[in-house]
Structures are given as structure tokens and as C-alpha cells.
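Written below as C-alpha cells is the structure these notes are about.
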Amino acid sequence: MTLDDLPASRTEPDGSAVVRLLSYNVRSLRDDTEALARVVRACAPDVVCVQEAPRFFRWRKYASRLAMATGLVYVTGGATATGPMILSSLRATVERSEDVLLPRTPGLHRRGLATAVLRFGRAARLAVVCCHLSLAEEERYAQAGLVLERLADMGADAAVVAGDLNDEPDGRAFRRLAGTLRDGWAAAPWGGGPTWPAGAPRKRIDAVLASGPVGVLGCGVPAGLAGVGDADLRVATDHLPVLAALRVPADPGGTGGRTG
Numbered sequence: 126m127t128l129d130d131l132p133a134s135r136t137e138p139d140g141s142a143v144v145r146l147l148s149y150n151v152r153s154l155r156d157d158t159e160a161l162a163r164v165v166r167a168c169a170p171d172v173v174c175v176q177e178a179p180r181f182f183r184w185r186k187y188a189s190r191l192a193m194a195t196g197l198v199y200v201t202g203g204a205t206a207t208g209p210m211i212l213s214s215l216r217a218t219v220e221r222s223e224d225v226l227l228p229r230t231p232g233l234h235r236r237g238l239a240t241a242v243l244r245f246g247r248a249a250r251l252a253v254v255c256c257h258l259s260l261a262e263e264e265r266y267a268q269a270g271l272v273l274e275r276l277a278d279m280g281a282d283a284a285v286v287a288g289d290l291n292d293e294p295d296g297r298a299f300r301r302l303a304g305t306l307r308d309g310w311a312a313a314p315w316g317g318g319p320t321w322p323a324g325a326p327r328k329r330i331d332a333v334l335a336s337g338p339v340g341v342l343g344c345g346v347p348a349g350l351a352g353v354g355d356a357d358l359r360v361a362t363d364h365l366p367v368l369a370a371l372r373v374p375a376d377p378g379g380t381g382g383r384t385g
């Protein structure tokens, strides 16, 4: 399968929208950033949920550079969410955004969420939660519950969670999320499944999960990207990206909102 097999971004006459969402752990931009930018651009995403965005010295500069290199704009997250970050194309209107810090477990890296409600066209509204869950099993399970709570609080029926779950589909945290949301790759597999490690992927720990009203048209590790070779995917970072084409329904309340 190639990128041509995945539906392109578009707005339908009924106000619904096809949105391409990419989830990508970029390992703090410590690898080949030019290859990384080529991969992202080739996917032609409307939204990118980034994990392990730069979060220390001059992190805003590096976030800005990544956005510019990929033809996107910064929405929210980065150091303020301890790593998760959301970028978007100019197609998206940001109605609101917020970074959420999750409870700290002594001795473990603190985790957070980058969240935003985005509108496409006049009436298609999508709540997005970008996450990077804990390496510790018990904390990871608890964080999955907090992700679902946050999603419910955002007040949008059409919603998506994307990120590095540090858990495989049979794990407790992954199953907790998939019990409420639809695992995109399981619902509409397209491209590859395993995402880590990039050089010889054997675990599917990165995922895009959608709420009931959101149609999953295809989801998986992209293949056949124009101008991008397998070497680019191996050297860009230590994870492979997950790309999903989502059909977001028209929301009667999606014609307004504030930018934030």
C-alpha cells in the first residue's frame, strides 16, 4: 500500500471533513532532523501529534524549527506538557488548547498531555489529545484513565487520542483506551503495524484511537512516501510514525469558537 491509497484531506459538502493525523515520537530531535522533516512533509498531515518534543534549553526555538521545516504551525505543548506537542496545517482553526500535567510518581519522569479542539471548514470539530504514557505498568494504566477523563472533559463528541502508549495492544493501558475508543489500525489497517524500534520494528506501541463519531478510513505506518526511502524512516528517530485518515462529522456547534 502507498500513500495514494489513503484518502486525501478534504471538506465534504455536508460539512464533514477528512483529516490526516500523524503521530510521531521524534526522540527530542536527536537524530536526522532533515530525514524527519521529509517523512512528515511526505505524509501531508493536517495534524501532527509529537511525542518527545524538545523540552529543555531553548525548546521553543526547536519546536519552531520543526514546524517551519514541515510546513506546519505550532498549536500547543512541548516543555509545557513535558514532551507531547501538537502541530497543525493552516487548514485547522484552533478553537482552544491546553497543556495538562499528570500526577507525578516519585522517581519517575513526569508526564503530560497536549490537548486542543480543532475545527476544519465551518463545522467539523475534533478534540485531540497527544500523549506519551509511562514506562511503568501501574502508572501507565492510571494515565490511560486520566486520558479518557480529559477527553470527556473537552466536550467534543468527535475525538482522537494519539501517541506513544509504551504498551502493546494486549497491555492493560492499551486495552483501557481501546475499551472506550477504536484502535485505528485494528479498525482500518493500512500500511504497517509495528512501530518500534524503527530499524527492525517488532512492537506496536504507537497508536491513533478514535471516538465513535469519527470514521477511521485507514491507519498505520505509512509506506510508499514520495521522496522518502526506508533509510529516512530508520534514521529520522527511533520510532516509526502512525498516519491515520479520519472522517470528522459536521458538528452543529462547530461553526464558532475562539482561538487559543
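Heads up, the sequence shown is in the working numbering, so the first residue is 126 and it goes up one at a time.
Where a beta carbon is used, it is the ideal one built from N, C-alpha and C, also for glycine.
Small disclaimer: the values here were computed from a predicted structure and weren't measured.
Separation of residue j from residue i, as counted between CA atoms
i           : j           : result
residue 326 : residue 270 : 27 Å
residue 321 : residue 351 : 22 Å
residue 357 : residue 161 : 7 Å
residue 338 : residue 219 : 20 Å
residue 190 : residue 324 : 25 Å
residue 314 : residue 334 : 12 Å
residue 370 : residue 262 : 30 Å
residue 229 : residue 240 : 19 Å
residue 316 : residue 359 : 16 Å
residue 353 : residue 163 : 7 Å
residue 130 : residue 344 : 11 Å
residue 348 : residue 145 : 15 Å
residue 274 : residue 267 : 11 Å
residue 384 : residue 248 : Here the model assigns residue 384 a pLDDT of 36, short of 50, so the residue's position is not dependable, and the following value carries that caveat. So the two alpha carbons sit approximately 15 Å from each other.
residue 260 : residue 143 : 33 Å
residue 179 : residue 132 : 31 Å
residue 319 : residue 363 : 12 Å
residue 294 : residue 346 : 15 Å
Where the alpha helix (DSSP H) through residue i begins and ends
i           : result
residue 331 : Counting along the chain, residue 331 falls outside any alpha helix (DSSP H), though it belongs to the beta strand (DSSP E) covering 331 to 335.
residue 267 : 262 to 278
residue 356 : 355 to 361
residue 299 : 297 to 303
residue 213 : Residue 213 -> not in any alpha helix (DSSP H); beta strand (DSSP E) instead, spanning 210 to 213.
residue 191 : 184 to 195
Other residues of its chain near residue i: CB distance less than 7 Å, five sequence neighbours each side excluded
i           : result
residue 272 : 238, 254, 256, 286 and 302
residue 292 : 258, 265, 298, 299 and 330
residue 307 : 334, 335 and 341
residue 200 : 211, 212, 213, 219, 222 and 241
residue 279 : 240, 242 and 252
residue 192 : 198, 199 and 212
Status (buried if at least 16 other CB within 10 Å, exposed otherwise) for residue i
i           : result
residue 380 : Summary for residue 380: the model assigns pLDDT 47, below 50, so the residue's position carries little reliability; its value from the coordinates is reported in the next sentence. When all chains shown are included, residue 380 counts as exposed.
residue 234 : exposed
residue 226 : exposed
residue 188 : buried
residue 135 : exposed
residue 170 : buried
residue 203 : buried
residue 296 : buried
residue 208 : buried
residue 304 : exposed
residue 232 : exposed
residue 236 : buried
Cβ shell of residue i (< 6 Å), same chain only, five flanking positions each side left out
i           : result
residue 366 : 147 and 149
residue 312 : 341
residue 289 : 150, 176, 257 and 331
residue 205 : 224
residue 276 : 254 and 284
residue 246 : 136 and 142
Close beta carbons around residue i, own chain, < 8 Å, minus the five adjacent residues each side
i           : result
residue 182 : none
residue 195 : 162, 165, 166, 173 and 212
residue 215 : 198
Residue span of the beta strand (DSSP E) that contains residue i, given as start and end
i           : result
residue 201 : 198 to 202
residue 309 : Run containing residue 309: none in the beta strand (DSSP E); it sits in the alpha helix (DSSP H), 309 to 312.
residue 166 : Residue 166 -> not in any beta strand (DSSP E); alpha helix (DSSP H) instead, spanning 158 to 168.
residue 372 : 367 to 373
residue 252 : 249 to 257
residue 142 : 142 to 150
residue 222 : 217 to 226
residue 245 : 237 to 245
Beta carbon proximity, residue i to chain D, threshold 8 Å
i           : result
residue 346 : Looking for chain D here will not work: only one protein chain is present.
Quick test of the definition: if touching needs 3 or more C-beta pairs under 8 Å, does the stretch 152 to 167 touch the stretch 132 to 143?
no
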